[in-house]
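Engineer: Chains as they are written, first to last, in the UniProt record's numbering: chain A, 1 to 216; chain B, 1 to 327.
Note that CB positions come from ideal geometry on N, CA and C, so glycine has one too.
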């Protein structure tokens, strides 16, 4: 049972009571702005909303951001242990930087953001998929993920380490730390299922797992 | 470009272009007398005796007096009956290259019909092709004939060598000093001390010998759009159909990441450039490549591992050859 607080005024009063580092976030709905100058521990520093499409200024801890993503951005959650997503791009000849999607993945109780987007990399149209961990850098490194895309007898697989959402979506994209497919190849992959050049249908499958701690 | 021979009619146009442009019709007519007769003689030698009367003159008639290539419908003629192929027609500014009279728009249906009745052997008969074709389908066959020679797969220079596979393997080894490896797995290290300089010319070729076949592994740096990338892919030294019975994988990685490509080798019938431009292989963005290299990002050190295997193939799973040259 989740109580809903819709009155923003009430919310902002409660906000003060629930502020870092002593808040409990179990009963809060999305709380906007969490300016806190008294944070000593960088791990407790609030995260920015990882929804990169619009300029969303919401910050908060992971639980709060999850609620915010679900309620305000309508982002869906999938099982991260094995997933398969289909991306359809109706007009792939016209690529805009704004063409992108976000899905949430759950693995071992942790949450991951899976991005898929179309963009131009030095004037070449590309698609890119990558994952970011909803948590700090240190814990992010204990996970691995793989993404696979293919068709027409070919397949391309990326295996990587999710970056923390402390790194902005743009930072990760620009460092090319993910699965990158040129549009040419993407269209070739999608000609598998009776599609025409006018429509792109890419199936991206993958999984997230926790790496076994190395024992020497 | 081997697969382009379907368009050999349009390549004749280029030849005219080189000879001089349109209005210099004298050049055209002189080409006719010399080139035309010589080429006709060659054709006759191949054909040998046929049932119908003087073959030589018929084949001679079917040669365009401008480009000396065989004419295909629509064949045109001027008011005086001088014939011309349709490609050359558009280039002569409505003036007959033979008599310099106005050309008009008359089709020479009679000659088209005569051609229909002719049968000729494939021009690769001396390479083993036993087939004989009606005049109009011969050209199409020759562009796809399995006996047509292969072009040298070496990509770096304009090598014009053609021949069969054993000949090309020896040619690659002896003339291009290409490394030859036996076996179906490989582990290559590509090191470049100054990866900031990416030129089209930076590339490598290695030949692998396994399953009784030869494969070309290409690795190269080039500009994809404005961005420098590295690309690795495999080509099969044989025809398209046999290429589809093999698969290969390539893997590159470092710092907890790895990128894997699994694909079907393309035949060397497809030019190196065509495969590259269709992005049919492992493409590594430079940032990623430097990340994989570790260290201070000043030097490129890529370890590419991979293997080739033979597919258990179901005959009806015909995969289309990608043709992505247009974007």
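For chain B, check one thing: does any of its Cβ atoms lie closer than 8 angstroms to the Cβ of residue 121 of chain A?
Structural biologist: Start at 1 with the first residue of the first chain, and residue 121 of chain A comes out as number 121. At least one chain B Cβ lies under 8 angstroms of residue 121 of chain A.
Engineer: Return the CA-CA distance between residue 205 of chain B and residue 176 of chain B, expressed in angstroms with no decimal places.
Structural biologist: Looking up residue 205 of chain B in the second chain gives position 205. Looking up residue 176 of chain B in the second chain gives position 176. Distance between the alpha carbons of residue 205 of chain B and residue 176 of chain B: 10 angstroms.
Engineer: Find the residues of chain B that neighbour residue 135 of chain A, judging by a C-beta separation of less than 7 angstroms, and give them in chain order.
Structural biologist: Position 135 of the first chain, counted from the first residue, corresponds to residue 135 of chain A. Those within 7 angstroms of residue 135 of chain A in chain B number zero; the least Cβ separation is about 17 angstroms.
Engineer: If you reduce the DSSP assignment to three classes, tell me which class residue 122 of chain A lands in.
Structural biologist: Start at 1 with the first residue of the first chain, and residue 122 of chain A comes out as number 122. Residue state, collapsed to three classes: coil.
Engineer: Residues of the stretch 246-279 of chain B in Cβ contact with chain A at a cutoff of 7 angstroms, in chain order, please.
Structural biologist: 256, 257, 258, 259, 260, 261, 262, 263, 264, 278 and 279
Engineer: Strictly under 8 angstroms for the Cβ-Cβ distance: is residue 184 of chain A near chain B by that measure?
Structural biologist: What you label residue 184 of chain A is simply residue 184 of the first chain in a count that begins at 1. Yes - at least one Cβ of chain B is within 8 angstroms of the one on residue 184 of chain A.
Engineer: Please classify residue 222 of chain B: is it buried, with 16 or more other beta-carbons within 10 angstroms of its beta-carbon, or exposed?
Structural biologist: The count along the second chain starts at 1 and reaches residue 222 of chain B at position 222. Flag for residue 222 of chain B reads buried.
Engineer: Measure from the alpha carbon of residue 218 of chain B to the alpha carbon of each residue in B:107, B:274 and B:92, then state which is nearest.
Structural biologist: Within the second chain, the letter at position 218 stands for residue 218 of chain B. Answer by Cα proximity: B:274.
Engineer: Under the rule that 16 or more other beta-carbon atoms within 10 Å means buried, what is residue 176 of chain A, buried or exposed?
Structural biologist: The count along the first chain starts at 1 and reaches residue 176 of chain A at position 176. Buried: at least 16 other Cβ atoms inside 10 Å.
Engineer: For residue 301 of chain B, list the residues DSSP reports as bridge partners.
Structural biologist: Taking the first residue of the second chain as position 1, residue 301 of chain B is located at position 301. DSSP lists B:191 as partners of residue 301 of chain B.
Engineer: Can you name, in chain order, every residue of its own chain whose Cβ lies under 8 angstroms from the Cβ of residue 66 of chain A, other than the five neighbours on each side?
Structural biologist: Taking the first residue of the first chain as 1, we reach residue 66 of chain A at position 66. Here the set comprises 104, 111 and 134.
Engineer: Give the residues of chain C in contact with residue 225 of chain B, contact being defined as C-beta atoms less than 7 angstroms apart.
Structural biologist: Considering every chain present, this structure includes no chain C. Its protein chains are A and B.
Engineer: Residues in the same chain with beta-carbon distance under 8 angstroms from residue 47 of chain B, minus the five sequence neighbours each way, listed in chain order, please.
Structural biologist: Here residue 47 of chain B refers to the residue found at position 47 of the second chain. At residue 47 of chain B, the pLDDT of 40 sits below 50, so the modelled position is not reliable; the number obtained from the coordinates is stated separately. Same-chain partners within the cutoff: 55, 59, 120 and 121.
Engineer: Measuring alpha carbon to alpha carbon, tell me which of B:79, B:114 and B:299 ends up nearest residue 103 of chain B.
Structural biologist: Your numbering for residue 103 of chain B matches position 103 in the second chain. The shortest C-alpha separation from residue 103 of chain B is found at B:79.
Engineer: Taking a cut of 9 angstroms between CB atoms, which residues from the stretch 156-173 of chain A lie near chain B?
Structural biologist: Within the stretch 156-173 of chain A, the residues whose Cβ lies closer than 9 angstroms to any Cβ of chain B are, in chain order, 156, 157, 158, 159, 160 and 161.
Engineer: Considering only residues of the same chain and omitting the five flanking positions on each side of residue 156 of chain A, which have a CB-CB separation below 6 angstroms?
Structural biologist: Residue 156 of chain A sits at position 156 when you count from the first residue of the first chain. Excluding residues within five positions, the ones whose Cβ falls inside 6 angstroms are 149.
Engineer: With three or more C-beta pairs closer than 8 angstroms as the rule, is the stretch 284-304 of chain B touching the stretch 167-185 of chain A?
Structural biologist: yes
Engineer: Which whole runs of the beta strand (DSSP E) in the stretch 209-270 of chain B are 3 residues long or more, in chain order?
Structural biologist: 213-224, 227-236, 246-254 and 257-263
Engineer: Quick one: is residue 308 of chain B near chain A, going by C-beta distance under 8 angstroms?
Structural biologist: Along the second chain, read from residue 1 onward, the residue named residue 308 of chain B stands at position 308. Not closer than 8 angstroms to any Cβ of chain A, the Cβ of residue 308 of chain B fails to qualify, so no.
Engineer: Does the beta-carbon of residue 279 of chain B have 16 or more other beta-carbons within 10 angstroms, so that it is buried, or is it exposed?
Structural biologist: Here residue 279 of chain B refers to the residue found at position 279 when the second chain is read from its first residue. Residue 279 of chain B comes out buried.
Engineer: DSSP three-state label for residue 64 of chain B, please.
Structural biologist: For the purposes of this step, residue 64 of chain B is taken as the residue at position 64 of the second chain. Residue 64 of chain B: coil per DSSP, three-state reduction.
Engineer: So residue 288 of chain B contacts chain A; which residues on that side make the cut at Cβ distance below 7 angstroms?
Structural biologist: For the purposes of this step, residue 288 of chain B is taken as the residue at position 288 of the second chain. The contacting residues are 176.
Engineer: From residue 100 of chain B to residue 224 of chain B, what does the alpha carbon distance come to, in whole angstroms?
Structural biologist: Stepping through the second chain from its first residue, residue 100 of chain B is reached at position 100. Stepping through the second chain from its first residue, residue 224 of chain B is reached at position 224. So the two alpha carbons sit approximately 50 angstroms from each other.
Engineer: Residue 199 of chain A: buried (16+ other C-beta within 10 angstroms of its C-beta) or exposed?
Structural biologist: As a working note, residue 199 of chain A is residue 199 in the first chain. Residue environment: residue 199 of chain A is assigned as exposed (fewer than 16 neighbouring CB atoms within 10 Å of its CB, all protein chains considered).
Engineer: Please report the distance separating the alpha-carbon of residue 128 of chain A from that of residue 133 of chain B.
Structural biologist: In the first chain, counting from the first residue as 1, residue 128 of chain A sits at position 128. In the second chain, counting from the first residue as 1, residue 133 of chain B sits at position 133. Between the alpha carbons of residue 128 of chain A and residue 133 of chain B lies a gap of roughly 50 angstroms.
Engineer: Let me know the secondary structure DSSP gives residue 154 of chain B once reduced to three states.
Structural biologist: Taking the first residue of the second chain as position 1, residue 154 of chain B is located at position 154. Looking at residue 154 of chain B - three-state DSSP - the assignment turns out to be coil, as it is neither helix nor strand.
Engineer: Run the CB neighbour count on residue 88 of chain A, radius 10 Å, all protein chains shown included, and call it buried at 16 or more, exposed below.
Structural biologist: Working through the first chain from its first residue, we reach residue 88 of chain A at position 88. By the 10 Å Cβ count, residue 88 of chain A comes out exposed.
Engineer: Using DSSP's beta-bridge definition, name the partner residues of residue 145 of chain A.
Structural biologist: Position 145 of the first chain, counted from the first residue, corresponds to residue 145 of chain A. Answer by DSSP bridge pairing, in chain order: A:160 and A:208.
Engineer: Measure from the alpha carbon of residue 270 of chain B to the alpha carbon of each residue in B:236, B:109, B:140 and B:64, then state which is nearest.
Structural biologist: Residue 270 of chain B sits at position 270 when you count from the first residue of the second chain. Closest by alpha carbon: B:236.
Engineer: Return the CA-CA distance between residue 170 of chain B and residue 163 of chain B, expressed in angstroms with no decimal places.
Structural biologist: Here residue 170 of chain B refers to the residue found at position 170 of the second chain. Here residue 163 of chain B refers to the residue found at position 163 of the second chain. Their backbone Cα atoms lie some 11 angstroms apart in a straight line.
Engineer: Residue 213 of chain B versus chain A: which residues are under 9 angstroms apart at the beta carbon?
Structural biologist: Locating residue 213 of chain B in the second chain gives position 213, where the first residue counts as 1. By Cβ distance, chain A contributes nothing, its closest Cβ being about 18 angstroms from residue 213 of chain B, past 9 angstroms.
Engineer: Please classify residue 272 of chain B as buried or exposed, where buried requires at least 16 neighbouring CB atoms within 10 angstroms.
Structural biologist: Within the second chain, the letter at position 272 stands for residue 272 of chain B. Classification for residue 272 of chain B: buried.
Engineer: With 16 as the cutoff for other CB atoms within 10 Å, does residue 109 of chain A come out buried or exposed?
Structural biologist: As a position in the first chain, residue 109 of chain A is number 109, starting the count at 1. So residue 109 of chain A counts as exposed.
Engineer: Please report how far the alpha carbon of residue 96 of chain B lies from the alpha carbon of residue 129 of chain B, in whole angstroms.
Structural biologist: Position 96 of the second chain, counting from 1, holds the residue named residue 96 of chain B. Position 129 of the second chain, counting from 1, holds the residue named residue 129 of chain B. Each residue's Cα considered, the two are about 38 angstroms apart.
Engineer: Tell me, please, whether the CB atom of residue 80 of chain A is closer than 8 angstroms to any CB atom in chain B?
Structural biologist: In the first chain, residue 80 of chain A corresponds to position 80, counting from 1. So no, residue 80 of chain A is outside the interface.
Engineer: Return the chain-ordered ranges of every alpha helix (DSSP H) run that is complete within the stretch 56-121 of chain B and spans a minimum of 4 residues.
Structural biologist: 86-89 and 109-116
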